[in-house]
Amino acid sequence: MRAFIGFVALSLIAVGLALALYHIPFGQDRMDVARDYLARSVRDTGAPNVVTGIVVNYRALDTLGEVTVLFSASLGVGMLMTWRSPGGGRPLPGASLIVRRGAGFLFPFILLFGGYIFVHGHLTPGGGFQGGAVIASAFLLLYLGIPGYLLARRPLAAIESLTGITFVAIGIIGLAVGGYFLNNFLPKGSVFSLFSAGVIPILYMVIGLKVGAELAGVVANMIGGGEE
Amino acid sequence: MNAGDPMVYAGAVGLILIGLFTVITRRNLIKIIIGLTLLDGGVNLLLVAVGYIQGRTAPIITPAHPDTARMVDPIPQALVLTAIVIGLGVTALGLGLAIRVYGHYNTLDTRKIRGLKW
Numbered sequence: 151m152r153a154f155i156g157f158v159a160l161s162l163i164a165v166g167l168a169l170a171l172y173h174i175p176f177g178q179d180r181m182d183v184a185r186d187y188l189a190r191s192v193r194d195t196g197a198p199n200v201v202t203g204i205v206v207n208y209r210a211l212d213t214l215g216e217v218t219v220l221f222s223a224s225l226g227v228g229m230l231m232t233w234r235s236p237g238g239g240r241p242l243p244g245a246s247l248i249v250r251r252g253a254g255f256l257f258p259f260i261l262l263f264g265g266y267i268f269v270h271g272h273l274t275p276g277g278g279f280q281g282g283a284v285i286a287s288a289f290l291l292l293y294l295g296i297p298g299y300l301l302a303r304r305p306l307a308a309i310e311s312l313t314g315i316t317f318v319a320i321g322i323i324g325l326a327v328g329g330y331f332l333n334n335f336l337p338k339g340s341v342f343s344l345f346s347a348g349v350i351p352i353l354y355m356v357i358g359l360k361v362g363a364e365l366a367g368v369v370a371n372m373i374g375g376g377e378e
Numbered sequence: 002m003n004a005g006d007p008m009v010y011a012g013a014v015g016l017i018l019i020g021l022f023t024v025i026t027r028r029n030l031i032k033i034i035i036g037l038t039l040l041d042g043g044v045n046l047l048l049v050a051v052g053y054i055q056g057r058t059a060p061i062i063t064p065a066h067p068d069t070a071r072m073v074d075p076i077p078q079a080l081v082l083t084a085i086v087i088g089l090g091v092t093a094l095g096l097g098l099a100i101r102v103y104g105h106y107n108t109l110d111t112r113k114i115r116g117l118k119w
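So the sequences go chain by chain: A and B.
If you count by this note's numbering, then the first sequence holds residues 151 to 378, one letter each, in order.
If you count by this note's numbering, then the second sequence holds residues 2 to 119, one letter each, in order.
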């Protein structure tokens, strides 16, 4: 019965989506605002990566909201998991020698790669969220590889709070200097160089560290344990 | 337009439908969360596909490709970047809730969880 209702509902949704997509032919130029963004991105923001220009400059306020949503989710997971009844979680089975040694060996390189991704977010594909996810995966690897590994929560919480405050502080400085929140107040520099695009690399570094700390915290809370 | 192009939409819509079907019919909370993830992926794929323009490159200006008239729509990509992160948060929170529910009721079956009947 439930499958039948589901099937009927899905058929309706499928027909609706098909009717809607019928009027949107695939692969054709429908840009309106985007053409303007593409043409002005380098001049306005200094970032050759137009997606970064949109996410961290034109629509940086939305990104602040997005970071807040991720923070709330991380906070929610933390609250849910610390109330766990004692003795509920099973210990992880021990990893093999290869995983143990490999985790220790790869950890600094994964951190370096994550840092590279968010530092170069304004020039190449990538950015704060992607780099932060890579950094969190390094900590996940440590959890899987090293039995009894515990992530220190205090530095994690400190990084998360400090980066959040820095994000808002940069926005307020922009408001004071240029007249609107998250204004790109630093000099743009020369295009395609690492130190360019004003506050964008700084904001993306802040986002990368914050997302990395939050996701590592989610991993730590999911796996359980910890000193608190 | 090539003959295979509607398949891109069909794939994305297919993922959305599979995800919705899983959410509606499955009774295991973990499977419902997997369905949500599939739904999320399908919607993201659909958004990026709508922003794609035939024969154009990624919206990243490089010294070798400075021509912005030959790039795809960057706005759906920026939107999807946000949506992926939100999807991750939803999944993490959902899994956390599922673990708590299992700790309380000792089951993940939605039929046996009192107060979740529909």
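All C-beta atoms in this analysis are idealised placements derived from N, C-alpha and C, irrespective of residue type, glycine included.
At a cut-off of 8 Å between beta carbons, residue 96(B) contacts chain A. In the DSSP assignment, the residues bridged to residue 110(B) are 29(B). Secondary structure note for residue 373(A): its alpha helix (DSSP H) is the uninterrupted segment 350 to 373. DSSP places residue 213(A) in the uninterrupted alpha helix (DSSP H) bounded by 210 to 232. Two segments are said to touch when three or more pairs of C-beta atoms, one from each, lie closer than 8 Å; by this definition the stretch 353 to 364 of chain A touches the stretch 261 to 269 of chain A.
The C-beta distance from residue 34(B) to residue 99(B) rounds to 6 Å, short enough to meet the 8 Å contact threshold. Measuring C-alpha to C-alpha distances from residue 313(A) to each of 252(A), 327(A), 364(A), 155(A) identifies 364(A) as the nearest.
Around the CB of residue 360(A), 16 or more other CB atoms lie within 10 Å, so the residue is classed as buried. Taken in chain order, the stretch 184 to 213 of chain A contains no complete beta strand (DSSP E) segment of 3 residues or longer. Between the stretch 318 to 336 of chain A and the stretch 224 to 232 of chain A, the count of Cβ pairs shorter than 8 Å is below three; the stretches do not touch. Among the CB atoms of chain A, one or more fall inside 8 Å of the CB of residue 90(B). At a cut-off of 8 Å, the C-beta of residue 275(A) has a neighbouring C-beta in chain B.
Residue 78(B) sits buried, since 16 or more C-beta atoms from the chains shown fall within 10 Å of its C-beta.
Ranked by Cα distance from residue 258(A), the first of 272(A), 288(A), 163(A), 245(A) is 288(A).
By the neighbour-count definition (other C-beta atoms within 10 Å, threshold 16), residue 151(A) is an exposed residue.
Per DSSP, the beta bridge partners of residue 72(B) are 58(B). For residue 342(A), same chain residues with a beta-carbon under 8 Å away, outside a window of 5 residues either side, are 198, 273 in chain order. In the structure shown, the three-state DSSP call for residue 177(A) is strand.
Pairwise C-beta distances place the stretch 169 to 179 of chain A out of contact with the stretch 291 to 304 of chain A, as fewer than three of them are shorter than 8 Å. Rounded to the nearest angstrom, the gap between the Cα atoms of residue 339(A) and residue 196(A) is 8 Å.
Chain order gives the chain B residues near residue 192(A) as 62, where near means a beta carbon separation below 7 Å. Taking the beta carbon of residue 82(B) as reference, the chain A residues within 8 Å of it are 201, 205, 277, 279, listed in sequence order. A straight line joining the alpha-carbon of residue 296(A) with that of residue 373(A) spans about 13 Å.
Per the DSSP secondary-structure output, residue 63(B) pairs in a beta bridge with 66(B). Not flagged as an interface residue toward chain A: residue 38(B), since no C-beta distance is shorter than 8 Å. A distance below 8 Å separates the beta carbons of residue 220(A) and residue 86(B). Cβ-Cβ separation between residue 61(B) and residue 200(A): approximately 7 Å, consistent with a contact (criterion under 8 Å).
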